[in-house]
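S.K.:
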Amino acid sequence: MAKILLEMKNITKTFPGVKALDNVNLQVEEGEIHALVGENGAGKSTLMNVLSGIYPHGTYEGDIIYNGQVCKFSNIKDSEKLGIVIIHQELALVPEMTIGENMYLGNERGHKYAIDWNTTFAEADKYLKMVNLEESSKVQVKTIGTGKQQLVEIAKALAKQAKLLILDEPTSSLNEEDSRALLDLMLGFKKQGMTMIIISHKLNEVAYVADKITVIRDGTTIETIDNRGPEPVSEERIIKGMVGREMTNRFPKREGVKIGDVMMEVEHWTVHHPLYPERKVVDDVSINVRKGEVVGIYGLMGAGRTELAMSIFGQSYGVNFSGKLKIDGKEVKMKKSEADAIRHKIAYVTEDRKGNGLILSQSIKVNTSLANLNSLAKLGVIDQDKEYAVAEEYRDKLKTKTPTVEQLVGNLSGGNQQKVLLAKWMFAEPDIMLLDEPTRGIDVGAKYEIYCIINDLAAQGKSVVMISSELPEVLGMSDRIYIMNEGKIIGEMKAQDATQENIMALILQSGRGA
Amino acid sequence: MENKALNKSNIRKPHSISMLKKNAMLIILVLVYIFFTIMTKGRMFKPTSFASLINQNAYVYILGCGMLMCMLTGGNIDLSCGAFVCLLGALGGMMMVVWKWGTGISLLAMLAIGVLYGCGLGALIAYVMVPPWIATLAGYLAFRGLGTSILSVSSTNSISFKDNQTFLNIFSGTLFKTPEGQMNMPCLIVGIVAAVLVVLLIFNTRATRLRKGYEVDTLGMDVAKSALGALAILLIMYKLALAGGIPTVLVWVAAVVLLYAFITSKTTVGRHFYVVGGNMEAARLSGVNTKRIMFLAYLNMAILTSISAMIVISRYTAANADAGKNFEMDAISACVVGGVSASGGAGTVLGMVIGATLIGVINLGMFQINLDANYQRVVKGFVLLAAVVFDILSKKRNT
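Heads up: the sequence lines are chains Y and D, in that order.
Letter 445 of the first sequence, counting from 1, is numbered 489 in our numbering, and no numbers are missing.
Letter 244 of the second sequence, counting from 1, is numbered 276 in our numbering, and no numbers are missing.
1) Which full runs of the beta strand (DSSP E) of 3+ residues lie inside the stretch 128-197 of chain D, going along the chain?
2) For the alpha helix (DSSP H) that contains ASN236 (chain D), what are its first and last residues?
3) With distances taken from CA atoms, which of Y:LYS200, Y:VAL185, Y:VAL175 and Y:SER181 is nearest ALA225 (chain Y)?
4) Is ASN54 (chain Y) helix, strand or coil by DSSP?
5) If you compare alpha carbons, which of Y:ARG153, Y:GLU145 and Y:GLU213 is closest to VAL560 (chain Y)?
6) Would you kindly work out how many angstroms separate the C-alpha atoms of GLY535 (chain Y) and ILE260 (chain Y), rounded to a whole number?
7) Is the beta carbon of THR80 (chain D) less than 8 Å from the beta carbon of ILE325 (chain D)?
8) Does any CB atom of chain Y fall closer than 8 Å to the CB of GLU247 (chain D)?
9) Of all Cβ atoms in chain Y, is any one closer than 8 Å to the Cβ of SER508 (chain D)?
10) Between the beta-carbon of ILE371 (chain Y) and the beta-carbon of MET308 (chain Y), is there less than 8 Å?
11) In chain D, which residues lie less than 9 Å from TYR392 (chain Y) when you measure between Cβ atoms?
12) By the three-class DSSP mapping on this structure, what secondary structure does ASN201 (chain D) have?
13) Exposed or buried, which one is MET333 (chain D) when buried takes at least 16 other CB atoms within 10 Å?
14) Look at ILE283 (chain Y) and MET92 (chain Y) and say whether their C-beta atoms are less than 8 Å apart.
15) Express the C-alpha separation of GLY399 (chain Y) and GLY261 (chain D) in angstroms, rounding to a whole number.
16) Quick one: list the residues of chain Y neighbouring GLY310 (chain D), beta-carbon separation under 8 Å, in chain order.
17) Between the beta-carbon of VAL581 (chain Y) and the beta-carbon of HIS316 (chain Y), is there less than 8 Å?
18) For the alpha helix (DSSP H) containing LYS256 (chain Y), list its first residue and its last residue.
19) Could you please give the first and the last residue of the uninterrupted beta strand (DSSP E) stretch that includes ASP327 (chain Y)?
20) Please say whether ILE551 (chain Y) and TYR525 (chain Y) have beta carbons closer to each other than 8 Å?
21) Give me, in chain order, the residues of the same chain whose beta-carbon lies closer than 7 Å to that of TYR9 (chain D); leave out the 5 immediate sequence neighbours on both sides.
22) What residues are listed by DSSP as bridge partners for LEU404 (chain Y)?
23) Just how far apart, CA to CA, sit THR446 (chain Y) and LEU452 (chain Y)?
24) Which residues, in order along the stretch 348-360 of chain Y, keep a beta-carbon less than 7 Å from a beta-carbon of chain D?
25) Given a threshold of 16 other Cβ atoms within 10 Å of its Cβ, counted over all protein chains shown, does PHE471 (chain Y) qualify as buried or as exposed?
26) Considering only residues of the same chain and omitting the five flanking positions on each side of MET33 (chain D), which have a CB-CB separation below 8 Å?
27) Name, going along the chain, the residues of the stretch 317-332 of chain D whose beta-carbon falls closer than 8 Å to a beta-carbon of chain Y.
28) Find out if the Cβ-Cβ distance for the pair TYR19 (chain D), ASP110 (chain D) is shorter than 8 Å.
29) Do you know offhand how far THR2 (chain Y)'s Cα is from GLY310 (chain D)'s?
30) Let me confirm a value: LYS529 (chain Y) is counted as buried when at least 16 other C-beta atoms fall within 10 Å, else exposed. Which label applies?
31) Quick one: is ASN400 (chain Y) near chain D, going by C-beta distance under 8 Å?
32) Could you give the DSSP three-state label for ASP212 (chain Y): helix, strand or coil?
33) Have a look at D:TYR91, D:GLY96 and D:MET126 and flag the residue whose alpha-carbon is nearest the alpha-carbon of ALA351 (chain D).
34) Less than 8 Å between the beta carbons of VAL393 (chain Y) and LEU501 (chain Y), yes or no?
35) For PHE471 (chain Y), which three-state DSSP category applies?
36) In this structure, does DSSP put MET307 (chain Y) in helix, strand or coil?
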C-alpha cells in the first residue's frame, strides 16, 4: 500500500450560524490524483481553505496530518513551505505584468532588495516548458488566452516546489480542447510522482483523471469511490453520491410541446470586433428559432456565440453590423439600444451573472424588477408593493432558496443567483430568450431545476436559444443544434441525429483542429 | 396572501447589534450634541444655535443631495461645485446690481447658466467619457478665477445685495418674524403638523404592509420610530419658534431634501442611479440608459449648485471671491459620513442629512468653545476618516 501523504481527520469548521464542515475525513495517497466532488456549498472549497491555511489553525477542529506530521498552519505561506499549493478557480494573475513577473509574485528571485530578473525569466521559462506552454515568460499575461493563463497558474505553482497541488475547478473557464490538454498534463505530472487534488463539477473529467473520488455533501464526507478499475466510474454513480439519490435522467423530458412558426430569423448576420473593426467576430450567420422550440448553439470558447447573441440583443456588442433580423416574419430595424431589444421582446441572459448580469449589492427584489421596471411604475413612481409581490411570485415559481426577497443577491449561491437572473428576464416577458451558458458553475441539482424552467418556457410558446459549451447539455436539451466555429455556423442538426462524435468531428474538420 | 398577515414570521425581529449599527451616526449625532451642550454650558442648546445650524449648513444639504446622486453612479464626485457657486454668485451680482436687471429675470438667467454648464459637463462625462474628477477639476480651477475677475469691477472685489430686499427675502431671513424669546405661533403650528404627518405616514405604511402580508417591524419599533421622529421635529421647531420663526432657507432645504428622498426611494429614475452604481454593465444590459443617468447626475448637480449659489450670496448679502470655498469637500464629507458608498450604488438622502448635520454640529460646537481654527480642521479630517473606517468595519462584520 502506498504511503498516505495527507490525512485530514475529523475536520469541523463552523461559521456564525452554519456548520460548513462536519467531521470531514480525507486521505490522499502519495502520487495519486484525488478528486473532490459535491454540489455548490457542500464544503469543498472550505475544506481546501482549511488545508492551505487560509482558515488558520485554531479556527477549526480536527487534525491535518501531512507527511506524517500534524500541521498547524497559520497562513498560506506555512502550507506553501511544505509544498501544498492551491490554484484557485478565479485566476489570480496581474494582466499588465509579464508571465515571469506573475509567476514569481510574492516569491521573487534574487536579493531582498533587488530582484534578479535574469534568473526570474530563465527559471520561468523552464517551468513553462514543463507545462507545455510555448510562450516566452516576457509576454504580458493579458495578451494570452484563458487556457494559457491557466497553464501559467500551474507553472507558478510548480515554481513554488509544489508536492501536493490543489486545483479548484481548473477547467471551468476552458474549452474542451484546452481542458483535455490540462487533464493530460495532470496525468503526466502524476507519472513524475506529483500528488494532486482536483475539485471539479465536470464529472466526465473527474472520471477521466482521478484515481479516487471523494464525495462531499452538506459538509460531510459521504464516500470515497475507487476509480482505478479498468472501466472509469460512471457519471451516474458519482451523481448518486452527490445528490443522495439516483438521477435517472439528468435532462427532464419536454413532452407535448408544439413547435410553432418561425419566431426569429437572423440572416447573413455579420458583426465586427469593437476594438479591431477589421476583424469579423460573427461572420455571415443565418439562424432561426421557432415558437416553443429550444435551439442549442454549441461551439468552443471564442467561437463567437456570446457575440452573436449580444449583437442580436440591441447590438450590445460589436460594430459595423450587417444582415437582417426578422421577428414574427417582419424585418426589424433595431437601434443600438438594449431597451429597444427588450421592447421587441428579446431577452439576453448573460453567461457572466456576476460580471454583467446581476447587481450583487442590491436585493433580489430590485434585480427581479430591473429589466421591466416601467411596468411597475406610474409616472415614474414605482409601486413598491407590487414590486415586492412580483419578486415573491418569481421566488416561488423558480423555487429560489432565500428567506426573503429583500436578501442581497451577493449573498446567494450560484444556482440561486442564476434563478434570480432568469426571473429578471422572465419578468421582462420576452418571446425570444437568448440563454448564454445558463448552467455555468452551478451544481447538478440546480442544473436540473434550470432545465425544468427552460422546458416551461418552451411550453409557454417562447423561443429559446441556448448557448452552451457542455455537449451533453446541448444534446440533452435542444430540439435543434447549430454548431459554431470561428464566427461561422458550420453545421445544423436535429437533436435526434446529433452525437458528441459527429459534432466534434464537424468542428475539427472546419479547420481549427486540435 | 391574506392569511399571511397573521403569520408571526412576517414581523421583523429587532436585532440589537444591527439596529445599533444602522443608527450609529444618529446616536453619535445625539451624543456629540450633548457633549457640546455640556462643554458650552447650555449655549449649544439655545434657540439661536438651532437657527444658525440651519442657516450655516443650508448649502451642505442642497449640494449634498446633488453629490449623493453623483456618488451613487459609482463613487463619482463633482469638484467644481464650490467654484461654480463663486462664478454664478459673481454673475448674479452683475445682473442684479451692476446691470440692474429684475430679480426674477436674474434668477432665471442664473439657473439657465447652471443648466447650460450641467448639460456641457454631463455630456463630457457621459458621452465623451472624460473621468468625472478630471472634468470637474477643470471647473474647480477655472471658475473661481473667472468669478474673481468678474468681481474686479468693484474696488472691494465684492458686490453687495443690501439694496435688493426682494432677492434677500426669497432666500434668507425669517418667515413671520417675531422678537427673539417670544413664541412664534406659525412656526410651532408647522412643527405640530409635520410631526403628526410623520406619525401618520409611518402607521399608514405599516397598515398597508400588514394588509398585504409583507414584512413589518414590531409594533414597539414603529411606535419608537414615530415618537422619536415626531419629538425631534417638535424640538427643532419649538426652538426655532423661540429664535424668531422659520428661517426662509429651511423651506428651500426641506423642499429639496424631501424631493430627493422621494426620487431616490420611489422612482424609476432614482432606482436607475443605484443600479448604475451597483453594476454599470448589468444595468446597461437590462435596458437602462446608463449614459443618460450619468448625464442627469451632473446636470442635476449643476442645477442644485445654482440654487446653492443663490442661497449663499443671499445669506452673505454679497457676492465675493471667497464664496463657495471648499463647498465640494463639505458636500462629499456629508455624504461619506452619512454612509454613502464611496464606490457607488448605496446611500440614502436621510443618511446624507444626518452626516451633514453631524458635521454642522461639530463645526458650531468647536466654534462655540473657541477651538483654534487650525485644530478645527484637524478634528474635521479625523471625523471623516473615522466615519469611513467605521463604515468599512461594520460592513465586514456583517458578512
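The beta carbon of each residue, even a glycine, is placed where N, CA and C say it ideally should be.
Model, not experiment: these values are computed from the prediction.
M.R.: If we stick to the structure as given:
1) 190-192
2) 217-244
3) Y:VAL175
4) strand
5) Given a span of 45 to 558 for chain Y in the structure shown, any question on residue 560 (chain Y) remains unanswerable.
6) 40 Å
7) no
8) yes
9) No answer is possible for residue 508 (chain D): the residues shown for chain D start at 33 and end at 431.
10) yes
11) LEU317
12) helix
13) buried
14) no
15) 40 Å
16) ILE403, LEU404, SER405 and GLN406
17) In this structure chain Y extends from 45 to 558, so residue 581 (chain Y) is not present and cannot be described.
18) Run containing LYS256 (chain Y): none in the alpha helix (DSSP H); it sits in the beta strand (DSSP E), 256-261.
19) 324-334
20) Sequence check: residue 525 (chain Y) is Ile here, not Tyr. No, the Cβ-Cβ distance between ILE525 (chain Y) and ILE551 (chain Y) is not below 8 Å.
21) In the structure displayed, chain D extends from 33 to 431; residue 9 (chain D) sits before or after that span and is not available.
22) DSSP lists no partner for LEU404 (chain Y).
23) 10 Å
24) SER360
25) buried
26) Confidence is the limiting factor: at MET33 (chain D) the pLDDT is only 36, short of 50, which leaves the residue's position unreliable, though a coordinate-based value still follows. The residues are LYS244 and GLY245.
27) LEU317, SER318, GLY319, VAL320 and ASN321
28) There is no way to answer for residue 19 (chain D), as the model of chain D reaches only from 33 to 431.
29) The displayed coordinates of chain Y run from 45 to 558. Any statement about residue 2 (chain Y) would go beyond what the structure contains.
30) First, the amino acid is wrong: residue 529 (chain Y) is Asn here, not Lys. Per the 10 Å Cβ criterion, buried.
31) yes
32) strand
33) D:MET126
34) no
35) helix
36) strand
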